[in-house]
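Quick note: the sequence shown uses this note's numbering, first residue 35, plus one each step.
For each residue, glycine too, the CB sits at the ideal point set by N, CA and C.
Note that this is a predicted model, so its numbers are computed, not measured.
Working notes for the structure below.
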Amino acid sequence: MRRLFVVAAKSAVALLGLVTVGLMAFASYLAWHYAYGIGLPDRNRLAAVSATRPVCSTDPQRTYVALADIPPLLRKAVILSENPDYYERPSLNLFAELGLAIAHDREPRPSNIAGSVTRCLMSLAEGCCHGQSLDRAIGEIVLQNRVVRALSRDRILEIFLNESYFGRGSYGVGSAAMSYFGRPLDTLTIDEIALVAALPRAPSFWHGRGRDVMVERRNTLIDKMLRAGIINNVEAASARERPLEFRERPPQSRSL
């Protein structure tokens, strides 16, 4: 009986060893697969992405506006709308954020700006990770960690402001300003800036939800801008009172 027990114990240890080796091999394969096997752009390729033309599209009609040429108030309004602590938070790295959340006993905080840019840059992984799949979900996590290491926060914000969808077939703040108001960025008023800054979170609200919803979203962001101290009480009151006015959509974009 004892001999049988010893044999069984040795067999169990051997089996456990095989399982451990198998799991380690599988983990190594997954690490290689998501780091190199699915064609995600590496840090060098990310750092070399052009700063003078669209990153995620080859459409020559898309405009690209350098961060320095985007009004500071618009930049700040977008950050308030998407990630109020964008520049202050310790890390945009998903793994680091998870560690900080565990250490401080709180929920992990998402980064809408870095996450959106990551999904944009997934287009550089040709032939990979299209549609909804586990490969894409994990690939985005891996790529975001590369993005926040390879690019500065200013650069990530610049890509977000140029590549996000603002409705009406418009990508980027420059196109949005022309599409909704027919004017360049540096001529927008505070209420118009608040409206544009609120669009990436809900560009589809223009379709069937009415002006009241957009006025509410605009005014909510104006209130945030006031609390953040980037506009004063007089400016906020005047912006909230202005009627929602924007140009009619061109015929070719009415179905967008």
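{"Item": "Neighbourhood of Asn267 by C-beta distance below 8 Å, restricted to the same chain and skipping five residues each side", "Value": "Leu260"}
{"Item": "Cut-off 8 Å between Cβ atoms - residues of its own chain near Gly56, not counting five sequence neighbours on either side", "Value": "The predicted position of Gly56 is uncertain, since its pLDDT is 45 and thus under 50; no value can be drawn from it."}
{"Item": "Spatial distance of Ile264 from Ala270 (CA atoms)", "Value": "10 Å"}
{"Item": "Contact under 9 Å by Cβ, Tyr120 with Leu191", "Value": "yes"}
{"Item": "Leu155 vs Ile193 beta-carbon contact at 9 Å", "Value": "yes"}
{"Item": "Pick from Ala210, Ala85, Ala130 and Leu158 that is closest to Asp76, judged by C-alpha positions", "Value": "Leu158"}
{"Item": "Best match in Tyr205, Pro218, Asp225 and Ala85 for proximity to Val249 [C-alpha to C-alpha]", "Value": "Asp225"}
{"Item": "Whole-angstrom distance between Leu108 and Thr223, CA atom to CA atom", "Value": "10 Å"}
{"Item": "Leu294 to Tyr199 span [Cα, whole Å]", "Value": "Any question about residue 294 goes unanswered here, given that the chain covers just 35 to 290."}
{"Item": "Between the CA atoms of Gly149 and Phe280 - distance to the nearest angstrom", "Value": "30 Å"}
{"Item": "Proximity to Ser186 [Cα-Cα], best of Gly206, Val151 and Asp103", "Value": "Val151"}
{"Item": "Own chain, CB closer than 7 Å to Leu255, minus 5 neighbours either side, in chain order", "Value": "Ala111, Leu114, Ser115, Ala228, Ala231 and Ala232"}
{"Item": "Asn196 - containing alpha helix (DSSP H), residue span", "Value": "Arg187 to Glu197"}
{"Item": "Close Cβ partners of Arg87 (< 6 Å) along its chain, the five nearest in sequence each way excluded", "Value": "Tyr98"}
{"Item": "Per DSSP, the bridge partner or partners of Tyr205", "Value": "Tyr199"}
{"Item": "Beta carbon of Pro144 nearer than 9 Å to that of Ala262", "Value": "no"}
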